[in-house]
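Each remark here refers to the structure printed beneath this line.
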Amino acid sequence: AKRKREHDFSHLLPPQWKNCIDQWLQEDIPSFDIGGFVVGEDPKAATLFTKTSGVLCGCAFFDAVFEKLGGCEVEWLFEEGDFIDASQGKVVTARVRGPARKVLLGERTALNILSRASGVATVTRKAVEAAKRERWHGMVA
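The opening position of the sequence shown corresponds to residue 1 in the working numbering, with each subsequent residue numbered one higher.
What follows is the structure, encoded as structure tokens:
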């Protein structure tokens, strides 16, 4: 995966995290991929849109899905931890390029991971903002 990023936090993840990617892909990919058979291996591009405002999180996992499948490149237009304001409409967040079959194989798994991680990060940001607003000096955990 190609990374246009100032900050890469993937080195902070535990060593076994890539095993999770393998497991999630095995759960999601059927024994025979009829969709992949139909679309073939021609190079294609997919655009990732953010439709709801929130914090971008989970990019390393998203990248790892397409690295595992091979032949795909991810280009990010935002940094991990950025707040993406989608209040005026959907926002182009990333592009994935590679063989059509592999882009489709990784799509659901990668989006599920990114959505979950970004959702947690967004709720955490709201909790931290509420603590600051109330001038609370304890920890938000």
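Every residue, glycine too, gets a C-beta built ideally from N, C-alpha and C.
Source: prediction; values computed, not measured.
Worksheet item: Pairing CB atoms from the stretch 36-43 with CB atoms from the stretch 79-96, are three or more of them under 8 angstroms?
Response: Contact fails between the stretch 36-43 and the stretch 79-96, because fewer than three Cβ pairs, one in each stretch, are under 8 angstroms apart.
Worksheet item: Which residue or residues does DSSP assign as beta-bridge partners of Phe49?
Response: As a working note, residue 49 is residue 49 in the sequence shown. Bridge partners of Phe49: Val92.
Discussion item. Determine whether the beta carbon atoms of Ala110 and Phe66 lie at a separation below 8 angstroms.
Written reply: The residue you call residue 110 lines up with position 110 of the sequence shown. The residue you call residue 66 lines up with position 66 of the sequence shown. Their beta carbons are under 8 angstroms apart, which means Ala110 touches Phe66 by this criterion.
Discussion item. Between which two residues does the alpha helix (DSSP H) holding Val65 run?
Written reply: Position 65 of the sequence shown, counted from the first residue, corresponds to residue 65. Counting along the chain, the alpha helix (DSSP H) containing Val65 begins and ends at Cys59 to Leu69.
Item to complete: Please report how far the alpha carbon of Lys18 lies from the alpha carbon of Leu12, in whole angstroms.
Response: In the sequence shown, residue 18 corresponds to position 18, counting from 1. In the sequence shown, residue 12 corresponds to position 12, counting from 1. Those two C-alpha atoms are separated by around 13 angstroms.
Fill in: DSSP-derived helix/strand/coil call for Trp76
Taking the sequence shown and counting its residues from 1, the one referred to as residue 76 is at position 76. Shown here, Trp76 sits in a strand according to DSSP, grouped into three states.
Worksheet item: What is the C-beta distance between Ser118 and Val55, in whole angstroms, given that I count them as a contact (C-beta under 8 angstroms)?
Response: Start at 1 with the first residue of the sequence shown, and residue 118 comes out as number 118. Start at 1 with the first residue of the sequence shown, and residue 55 comes out as number 55. That belief holds up - the Cβ atoms of Ser118 and Val55 are roughly 6 angstroms apart, short of 8 angstroms.
Practice prompt. Could you tell me which of Asp22, Pro43, Gly58 and Asp33 sits nearest to Thr122, measuring between CA atoms?
Written response: Looking up residue 122 in the sequence shown gives position 122. Per the Cα distances, Gly58.
Worksheet item: At which residues does the alpha helix (DSSP H) containing Leu12 begin and terminate?
Response: Your numbering for residue 12 matches position 12 in the sequence shown. From DSSP, Leu12 is part of no alpha helix (DSSP H); its letter is neither H nor E.
Fill in: 7 angstroms Cβ shell around Thr47 - same chain, five flanking residues per side excluded
Here residue 47 refers to the residue found at position 47 of the sequence shown. Closer than 7 angstroms at the Cβ level, and outside the excluded window around Thr47, lie Val92 and Arg95.
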